[in-house]
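The structure appears right after this line, and notes come after that.
Protein chains in written order, with the working numbering: chain A, 316 to 1065; chain B, 4 to 226.
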């Protein structure tokens, strides 16, 4: 028997499975108070998913407010946080929308489908803003490279990211991959999508206009992903519970590709007033968010939803997270034109309801009312927790155990050996085995892609307008100091974008942490947000949106606090972009920025000594800004032919990557007064190497001097086929390449 | 000169192919899979992608699209047709070209800048290259292993119908390193690598792919 509103009013004492749906006792009571009766089964399903951590941000909301409160003044922001994705003005009437989103838990349970649908979900978010999706990136974290479970998870995740993105025809232009024991059993799969539109094309998810039709189109609704948000994303894994496989969605990228083209044609024909993708919490989320963002009322006949499985109950239909579905608001006059376009693309479409002025979201099932709620109470007025947070007692000890006592290489031979081992270490080794499974060419606008510092896209062929995007996030730094660690992630992504010659404009963030119920984790989270919000203010780059993923932990062990930061920048003339690779013999290599003895949280300490302790490198956002301006101006004025930011592994790793790109050689000398080891491997921030043609050397150094920015002439590009660190060691380029490129392929091809 | 580019549901490189036609100096004309009309174009490109989701078998459903009916007739009558990647698979399924494309031997999708050797410069799409010329253009596929029985392969070799061959490492297990073949008449060419992604120095690893498009345009002007 169907549980109706009428029945619920008459049977207040009927027991309900609120616990199994992930609600707490006080939350269930609050739902009863709001409704003045017990919820129907369908209402209970709806509240349980919408009030889950994943959908409601109940633990993070109080902290996330800082992104708004501290937002720097920016003329570039057209749509801020709260919509499907933020929108940034890049000039010439173009706008770009971009966002990062996590699909961590599903990717552990079912690596291929979890990762694939992670890409699919973020692409639909971008599409729902009215934009054509033009590229994706992926930020991945796995357990140790040699762990058995990594061999189950990584190939599946990579095949899923590739399988879905390649089939959608979106180039994958960058991202990162990091291995750390804390991610064993808690891999992170964060996918970023970027889309492009004209200013006039921006669409919002607001259901306005009483009498307008609510249209559900795309794939049919099935039994996959039921309760995905509440069950998977909002709880820690626990061996004692049954397999969660049915809660993972299954993707069909072909359907999504058709849906993209269909939606873009609908936008072009101006026959859709508002649009929202169906992701977490499916129809429950789309109806309640569209209604509460608009005129406030909506009437839906749920039996009109097209089903893949006719046995689904109304509650299941409302919770299903079947992929590749969109909900549009269409005026009655435009409905025929709308249906003609969906028919041309063979996209199944059902008119399931209309916008009302009642202020209520009412859902009927074959003539009986099963939902009657104020949509705001579902979508916006969920619980808000001020979770206790406290600096963990072990933090002081961790910071006190610095890398100072670790044995350092000193002779040339020892430095050479250190370099070759670091180059082959999992975090610094070439990721080509992974990225070669991603199409980086499709759409024909990819100007730079991995392993470049940032992905660069041409946006407009006639003006040469382009954008650059980079993602970064160093969980080890953040473990040592979450406030600084989040700023370091921001600084690195910002620097990477500027390295290609792009002016950084805006930020998206993927915040991945352990359980918010642990005060130590909550402290990491609060500190990271405070750091990121302060950093964005200092750099003038507002946060436009992003994602929070909590409960990334097994038992009491949380992952490294991992704030992944994506920065978007703009290039007025994309032909001016600065690539990473050294190419022309005789050009001069300059090191920009100050090198200090900073090894806390470094790749060297970790890879060579398994050590994590001390303080992360210091942050100087004013210096980052200055460096970015030098890199952007030098690119615009044609003063440099190549540039590479310095980060994990320091100068030595950057030099090798730049040399390997085109297989040239380089001669480098250690500046007076600098220890060779510190010179080669320190992870001091706000640094980059640039290659300057001799004809531009005076202009370039004059520019740095005028800005009082440290710059040192440290080497020359040559065609000798070796990296020669003079007075220390010489390594043939072939040997560097063998060390750099064999780690992943020998692991996964064995 | 008007060159048609077919869009099937799931075509991905159709806009890239159209751009390559324009960069080469031609006019690109969109052709829709459901429209059984070639609209008087002088040549056709079947672009890369995953037509109809590659369900059943790559190219197996696209072969029955309405646009393929006039296309197959026109190709048999000498119309220049270039199938790239998924387009190559469609041409094999349509029996305009011999052989088939199967899953890469290493079972992964591969995207790389691929060195190739142009072996046949007598086709409509390769006349602008020098025989034996080495070029580098992107390769990106999951099912790019070219297979055929020995007799067919021997025949292709004897008649010089292997158009391009992989140079260096074979990226997908294709028999005899075959990257592209042509029909007996030389007007229909199927290629696994993507010349449309190598037509501009800004976005391609080289501009080596442009020759496929300029070749057909020059041939059309001459005739």
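Glycine included, every Cβ here is placed at the ideal spot set by N, Cα and C.
- Have a look at the DSSP bridge pairing and note the partners of residue 494 of chain A. A/457
- Message: Looking at the secondary structure, which residues open and close the beta strand (DSSP E) in which residue 614 of chain A lies?
- Response: 612-616
- Residues of chain B with a CB under 9 angstroms from the CB of residue 758 of chain A: which are they? 15, 16, 18, 19
- Within the chosen definition, does the stretch 75-95 of chain B reach the stretch 53-61 of chain B through at least 3 CB pairs nearer than 8 angstroms? yes
- Buried or exposed for residue 587 of chain A, please, with buried defined as at least 16 other CB atoms from any protein chain shown within 10 angstroms of its CB. buried
- Message: For a quick check, are the C-beta atoms of residue 857 of chain A and residue 534 of chain A less than 7 angstroms apart?
- Response: no
- Query: In angstroms, rounded to a whole number, what distance separates the CA positions of residue 579 of chain A and residue 501 of chain A?
  - Reply: 36 angstroms
- Message: If distances are taken between C-alpha atoms only, which option among A/380, A/339, A/321 comes closest to residue 354 of chain A?
- Response: A/321
- Can you tell me whether DSSP reads residue 528 of chain A as helix, strand or coil? strand
- Query: What are the residues of the stretch 112-144 of chain B that lie near chain A, defined by any Cβ-Cβ distance shorter than 8 angstroms?
  - Reply: 112, 113, 114, 115, 141, 143
- CA-CA distance, residue 1058 of chain A and residue 736 of chain A? 11 angstroms
- Quick one: complete alpha helix (DSSP H) runs, 4+ long, within the stretch 757-816 of chain A? 790-795, 797-814
- Message: Let me make sure I understand the geometry here. Which of A/847, A/462, A/469, A/458 has the alpha-carbon closest to that of residue 425 of chain A?
- Response: A/469
- Reference residue 890 of chain A; option with closest CA among A/756, A/776, A/361: A/776
- Message: Would you say residue 206 of chain B lies against chain A (beta-carbon separation less than 7 angstroms)?
- Response: yes
- Message: Quick test of the definition: if touching needs 3 or more C-beta pairs under 8 angstroms, does the stretch 486-494 of chain A touch the stretch 369-381 of chain A?
- Response: no
- Own chain, CB closer than 6 angstroms to residue 873 of chain A, minus 5 neighbours either side, in chain order: 829, 836
- Message: Using beta carbons (cut-off 7 angstroms, strictly below), is residue 214 of chain B in contact with chain A?
- Response: no
- Take residue 686 of chain A and list the residues in its own chain whose beta-carbon comes closer than 6 angstroms to its own, dropping the five residues that flank it on each side. 357, 358, 678
- Task: Could you say if the stretch 520-536 of chain A and the stretch 476-484 of chain A meet the contact criterion of at least three C-beta pairs nearer than 8 angstroms?
- Result: no
- Spatial distance of residue 555 of chain A from residue 948 of chain A (CA atoms): With a pLDDT of 47 at residue 555 of chain A, under the threshold of 50, the modelled position of that residue is not reliable, and the figure given next carries that caveat. Each residue's Cα considered, the two are about 58 angstroms apart.
- Message: Would you say residue 200 of chain B lies against chain A (beta-carbon separation less than 7 angstroms)?
- Response: yes
- Item | Sequence-distant residues of the same chain with beta carbon closer than 6 angstroms to residue 783 of chain A, five excluded per side | 769, 771, 812, 815, 817, 884
- Query: Is there at least one Cβ from chain A nearer than 7 angstroms to residue 12 of chain B's Cβ?
  - Reply: yes
- Among the residues of its own chain, which have a CB less than 6 angstroms from the CB of residue 23 of chain B, if the five just before and after it don't count? 199, 202, 216
- Would you identify the three-state DSSP class for residue 669 of chain A, choosing helix, strand or coil? strand
- Message: Helix, strand or coil for residue 878 of chain A? Go by DSSP, reduced to three states.
- Response: strand
- Message: Using beta carbons (cut-off 7 angstroms, strictly below), is residue 869 of chain A in contact with chain B?
- Response: no
- Query: Out of A/1003, A/1025, A/990, A/1006, which has the shortest C-alpha to C-alpha gap to residue 1043 of chain A?
  - Reply: A/990
- Message: To the nearest angstrom, how far is the alpha carbon of residue 341 of chain A from that of residue 914 of chain A?
- Response: 48 angstroms
- With a CB to CB cut of under 8 angstroms and the five nearest residues on each side skipped, what residues in its chain are close to residue 165 of chain B? 122, 123, 159, 179, 181, 183, 184
- Would you tell me roughly how many angstroms separate the C-alpha atoms of residue 552 of chain A and residue 843 of chain A, rounded to the nearest one? Because the pLDDT at residue 552 of chain A is just 48, under 50, the model does not fix this residue reliably, and the value given afterwards should be weighed accordingly. Cα to Cα, the separation comes out at about 24 angstroms.
- Counting only beta-carbon atoms, is residue 56 of chain B nearer than 7 angstroms to chain A? yes
- Query: Under the rule that 16 or more other beta-carbon atoms within 10 Å means buried, what is residue 143 of chain B, buried or exposed?
  - Reply: buried
- Message: Could you check whether the Cβ of residue 572 of chain A sits closer than 7 angstroms to any Cβ belonging to chain B?
- Response: yes
- Message: Can you tell me whether residue 824 of chain A is helix, strand or coil according to DSSP?
- Response: strand
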